[in-house]
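At position 360 of the sequence shown (counting the first as 1) the number is 360 in full-length UniProt numbering, and the numbers step up by one without a gap. Glycine is no exception: its CB is placed at the ideal position from the N, C-alpha and C atoms.
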Amino acid sequence: MNVPPKPNSYRTGPDDRGRFGIYGGRFVAETLMPLILDLEKAYAEARQDSAFAKEMTGYLTHYVGRPSPLYFAERLTDHFGGAKIYLKREELNHTGSHKVNNVLGQILLARRMGKKRIIAETGAGQHGVATATLCARFGLECVVYMGAVDVARQAPNVFRMKMLGAEVVPVQSGARTLKDAMNEALRDWVTNVGNTFYCIGTVAGPHPYPGMVRDFQSVIGDETRSQMHEAEGRLPDSLIACVGGGSNAIGLFHPFLDDPTVEIYGVEAAGHGLTKLHAASIAGGRAGVLHGNRTYLLMDDDGQIQEGHSISAGLDYPGIGPEHSWLNDIGRVKYLSATDDEAVAAFQLLSKIEGIIPALESAHALAKVADLAPTKPRDHLMVVNLSGRGDKDVPQVAEILGTKL
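Have a look at this one:
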C-alpha cells in the first residue's frame, strides 16, 4: 500500500466527510441518516457549550472519580530491568474501566437530545456495565445487546448489568460475540428511531462516533501529560495500549500524536497466532466496510467478514477504529500483537508483582511491555494504559489454569 503524505498535525481529523484519510465515513441505512445528522449537529453544539463541559467535568470528578492515578510500577520495572514503567489506572474508575468516560459523554448528549431509551452493544461487558450504570443514574431505559458466547464467559458483568436495571439481550446469530451484538443493536436502532439513542462503546461506527468517542476518551491522555510532567518533569518516551476497536488506546494516544519524541504502540489480539485464529485486524486484515465505516477488517477472499478470536471478549471484534487504520498507514503508531498465552502470562505477572489484577484486554498491552521494556535505557519513561480490572476475567482464567472455584 502507498504511504499517505504526513499531515502538519495528526490531530485534526476527521474531515468534514467524517474521514481519516480513506477510512471512516458514514455508510448507513437511509432510515438512520436523519438520526446521524441530528447527532452530529447536537455534538457540535455541545462541544461549543461551556455548560456541557462543566457538567461533564463535574460528573467525571465526583461520580467517575477522575483523575485516575498515574502509578509508578516499581517492582514491574525492576523485573524487566529497562524502562521506567508507569500504569495509567483506568481500572480504578467507577464501573472498573475506561468505558465510563465515553458513556458519560454520550448519556449527557442523549439527555440534551431528549432521548429516553438507550441501547448499547458489549463484548466483555465493561461498556455494558458503564451504560447500565449511567442509565440508572439518570433514570433512562437501558437495553444491552451481548453475544451469547460472551454472556456465558462474562457472567459477573451480566449480573451487574441486570442489578443496575438493564435488559441484557443474548444474541444468538453468527459467532454470538461482539460483532453480532453490534449487528443487533443497529437493527434495534433502525426499528426504534424516534426515542432511542445508540451508545456505541468504541471508536468505530458511522461518523461522528469515531471522533466523538475519541474526544470523550482523550481525558486519559490529557491527564497523563500533566501527571507525567508533575512526576518526571517531561513527556513520556513511549505509550502502550491494547486495541480491539481501540477506544482506550486512542484516548491515551491522541493528545501525544503531535509529539514526535513519543513512541506509540497499539497491541492487537493475536489469539492462537497470526496464521491461525486471531483478531488482529491490521496485521491480518484489509480495508472494507462494516458497521457504518471503512476500516481494516478480517475478511476472506470473497470479502466476507471472518470471525475474530481472542481469549479476551473485549478484543475479538473483526475490525478496528478507522483512525487507527489511518495512523497505521501513515506510520505514526506501530501496531504489535500478543497471543492468548502471552496475555494470560502477563495477567498472572502483574497480579503477583504489583498486586493489580488487570483485565485480559489490558494484559495484551502488558505482554508487549515484556518485549519492549528490557530493550530501553533506565531513563526511558513508558506508560501502559491499564484499561480495566480483571475481576470479570478471574473465573475464565481460573478455568484456563485448571483451577475449580
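- In this structure Gln154 is in contact with Gly125, their Cβ atoms being roughly 4 Å apart against a cut-off of 8 Å.
- Residue nearest to Gln306 within the set Gly321, His278, Asn293, Pro322 is His278 (criterion: CA-CA distance).
- Taken through DSSP and simplified to helix, strand or coil, Arg332 comes out as coil.
- Under the three-state reduction of DSSP output, Pro358 falls in the strand class.
- For the alpha helix (DSSP H) assignment, the uninterrupted runs of no fewer than 4 residues enclosed by the segment 152-235 are, from N- to C-terminal side, 155-163, 178-191, 209-217, 219-232.
- According to DSSP, residue pairing for Cys242 in a beta bridge involves Val267.
- Remark: C-beta atoms of Gly13 and Gly211 approach each other more closely than 9 Å.
- With a threshold of 16 other beta carbon atoms within 10 Å, Phe253 meets it and is buried.
- When the beta-carbon positions are compared, Lys376 and Ala44 stay at least 9 Å from each other.
- Contact between Pro255 and Arg225 holds: CB atoms are separated by about 6 Å, below the 8 Å threshold.
- Under the three-state reduction of DSSP output, Gly105 falls in the helix class.
- When the beta-carbon positions are compared, Lys392 and Ala359 come within less than 9 Å of each other.
- Per the C-alpha coordinates, the member of Val100, His272, Leu290 positioned closest to Gly201 is Val100.
- Counting of Cβ neighbours within 10 angstroms places Gly25 among the buried residues, the total reaching 16 or more.
- Residue environment analysis places His127 among the buried positions, since at least 16 neighbouring C-beta atoms fall within 10 angstroms of its C-beta.
- Following the DSSP letters along the chain, one finds Phe72 inside the beta strand (DSSP E) bounded by residues 70-72.
- Closest option to Asp341, judged by alpha-carbon separation, among Ser312, His324, Arg332: Ser312.
- In the structure shown, Leu405 falls within a coil segment according to DSSP collapsed to helix, strand and coil.
- Per the DSSP secondary-structure output, Leu87 pairs in a beta bridge with Tyr71, Val384.
- Note on geometry: alpha-carbon atoms of Val384 and His207 lie some 28 Å from one another.
- Following the DSSP letters along the chain, one finds Arg378 in no beta strand (DSSP E), marked with neither H nor E.
- The bridge partners DSSP lists for Val289 are Arg294.
- Remark: C-beta atoms of Ala241 and Leu70 do not approach each other more closely than 9 Å.
- Classified as buried, Gly321 has 16 or more neighbouring CB atoms from the shown chains inside 10 Å of its CB.
- Per DSSP, the beta bridge partners of Tyr23 are Phe20.
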